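Reviewing the structure listed below.
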Amino acid sequence: MSEAEVQEKKLNEDTELRIVVNEGEAIVELVDGRAEIFGSELVKNKKYLFQKGSRIAIFTYEGATVDVVGSGVHSYTSDETPMVIYLNTHAALEQIRKVAECDPSHRGPRIMLVGPTDVGKSTVCRILCNYSVRMGRSPILVDLDVGQGEISVPGTMGAIFINKMADIMEGFDCSRPLVFNFGATTPSENLPLYDLLVKELAEVINQRCAVNRDSNIGGIIINTCGWVHGDGYQCLVSAAEAFEVESVVVIDHERLYNDLKRDLPSFVKILHQPKSGGTETRSKEMRAAMRSERIHRYFYGTASSRLNPYTFEVNFSDVLLAKIGAEQLPESCLPFGAKIDDHNTKVVGVKPSSSLIHCLLAISPSTSISQNVLKETVLGFVVVNQVNDEAQTLTILSPQQELPSKVLIVTSIKFVDDRTIE
Ligand code: ADP
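Taking numbering that gives the first Met the number 0, I'd label the letters of the sequence shown as residues 0 to 421.
Here you go:
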């Protein structure tokens, strides 16, 4: 298909057109009927641009005609989609919201999506949030996936308060997120810290729900990591408890469904739902590339909304560097009352050194290095592009012209800023 060639696709009711952009770009336009992408309605005769690597489904309940343009685009129509199941889930959540609306002693739904990687958890969260916004609700999207989270950079968990549909191309507005820094891309790197931050996030969200009626009624939709075995499974159980969820949707994993039925309290409704045949299984390399792309997007924006980050030098003496997790002491050396796991959540100072090169640093609102650093939501992120030991300076890539705070937390995530490669 040449670049200018338009492919007209007629979709019957309850079918979806799946599109994979292998090369170049795809332009998609709804020319007749009604259709949506992951719950966001398409505007008729508006052209939507999708970059290489995009993988989307244009679904219609009523039938639609869509034009697709792009030389490197693979597309096919499917009438086997779980969208009606997801719509029913939304209807069940709406029932809970209606009760909360009439009776302030009740709260809105709290639902958690679980399952292995690449089964469509994030996509279903997006669909459920979009459907609730279309009903005039303001749900809270919580993302506990520190590997492929959608709210901030990798290595974080957080929440956004949603009151408008996700932009078809850019996703939800994440300009004012609530972000906790975990500092690594899998909970296994520091389980006590992961657990602690999940509890902290749940606490902050509970406080918000206590004072904001719209959020309380809109409820909480929680996305989770795809690590579902061993300690990963325990993380899911702890998260369900921390957020006091009343329903869990298990996508595509029968054993996980059975295990959760056994281990979660009986008032928690556990549903087993199929994954969409359109979901893509990503290799380890693809995941790493997506993480890097996510950080790139944090600093440089997207094709349709570009950002211009700053690069500047800071003196070693102008920043306070910290990391979470200290060396483990033998039990006999621990202070009275300290637990063996405490070293994992200890905030310790770090001396600037060349090992910081390409490190992602979280900016803490704290004014000094203390245990408070751990539980505070972060102000943003910077990357160390260069370390000059002689001049005692760090060259930093930052979204802002200057650092909003001097306390920076070292993460184990690296990002090579392509602007620094000659
Ligand atoms: P998970 O959160 O479980 O890892 P995602 O929701 O990120 O999975 O989905 C994996 C990939 O599959 C994403 O690129 C997403 O855009 C794509 N995807 C999800 N549902 C569909 C669908 N119905 N058709 C085409 N692609 C889809």
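Note that the Cβ used here is the ideal one computed from N, Cα and C, for glycine as well. Predicted, not measured: the structure shown is a model, and the values here were computed from it.
**Prompt:** From residue 344 to residue 18, what does the alpha carbon distance come to, in whole angstroms?
**Reply:** Counting only the Cα atoms, residue 18 lies some 44 Å from residue 344.
**Request:** Using 6 Å as the cut-off, classify the Cβ of residue 209 as near or not near the heavy atoms of ligand 1, replying yes or no.
**Result:** Proximity of the beta carbon of residue 209 to ligand 1 is not indicated: no heavy atom of the ligand is located closer than 6 Å.
**Request:** Measuring alpha carbon to alpha carbon, tell me which of 323, 396, 100, 399 ends up nearest residue 370.
**Result:** Here the closest residue by C-alpha is 323.
**Item:** residue 406: CB within 6 Å of a non-hydrogen atom of ligand 1
**Value:** At a threshold of 6 Å, residue 406 does not count as near ligand 1, since its beta carbon sits no closer than that to any of the ligand's heavy atoms.
**CA-to-CA distance, residue 392 to residue 312, given in whole angstroms** = Those two C-alpha atoms are separated by around 6 Å.
**Asked** Closer than 6 Å: is that where the CB of residue 286 sits relative to any heavy atom of ligand 1?
**Response** Outside the cutoff, so no.
**Message:** Given 6 Å as the limit, tell me if residue 293 has its C-beta closer than that to any heavy atom belonging to ligand 1.
**Reply:** Flag unset: Cβ of residue 293 not near ligand 1.
**Message:** From the DSSP secondary-structure annotation, give me the bridge partner or partners of residue 29.
**Reply:** Residue pairing by DSSP puts residue 29 in a beta bridge opposite 43, 65.
**Item:** Helix, strand or coil at residue 416 according to DSSP, with G and I counted as helix
**Value:** Correct three-state label for residue 416: coil.
**Asked** Is residue 117 near ligand 1, with its Cβ less than 6 Å from a heavy atom?
**Response** Checking the Cβ of residue 117 against ligand 1 gives yes.
**Item:** residue 390 versus residue 383: straight-line alpha-carbon distance, rounded
**Value:** Rounded to whole angstroms, residue 390 to residue 383 spans 15 Å at the Cα level.
**Asked** Taking C-beta to C-beta, are residue 165 and residue 141 nearer than 7 Å?
**Response** No; because the gap between Cβ atoms is not below 7 Å, this pair is not in contact.
**Request:** Any chance you could list the beta strand (DSSP E) runs of at least 3 consecutive residues sitting entirely within the region 235-322, in chain order?
**Result:** Within the region 235-322, the complete beta strand (DSSP E) runs of at least 3 residues are 246-250, 268-272, 309-314.
**Request:** Run the proximity test for residue 25: is its beta-carbon closer than 6 Å to any non-hydrogen atom belonging to ligand 1?
**Result:** For ligand 1, not one heavy atom lies less than 6 Å from the Cβ of residue 25.
**Asked** Any heavy atom of ligand 1 closer than 6 Å to the CB of residue 64?
**Response** Between ligand 1 and the CB of residue 64, the shortest heavy atom gap is not smaller than 6 Å.
**Request:** With DSSP as the reference, label residue 394 as helix, strand or coil.
**Result:** Assigned with DSSP and collapsed to three states, residue 394 falls in strand.
**Message:** What would DSSP say about residue 213, mapped onto helix, strand or coil?
**Reply:** DSSP places residue 213 within a helical segment (H, G or I) once states are collapsed to three.
**Request:** Using a threshold of 7 Å, state whether the C-beta atoms of residue 270 and residue 248 are closer than that.
**Result:** Yes, the pair counts as a contact, with Cβ atoms nearer than the cut-off.
**Message:** Any heavy atom of ligand 1 inside 6 Å of the beta-carbon of residue 122?
**Reply:** Short note on residue 122: C-beta closer than 6 Å to some heavy atom of ligand 1.
**Item:** Local conformation of residue 4 per DSSP, three classes
**Value:** Residue 4: coil per DSSP, three-state reduction.
**Asked** Is the region 162-178 close to the region 43-56, with three or more CB pairs under 8 Å?
**Response** Segments in contact, yes.
**Item:** Terminal residues of the alpha helix (DSSP H) in which residue 90 lies
**Value:** First-last of the alpha helix (DSSP H) with residue 90: 82-101.
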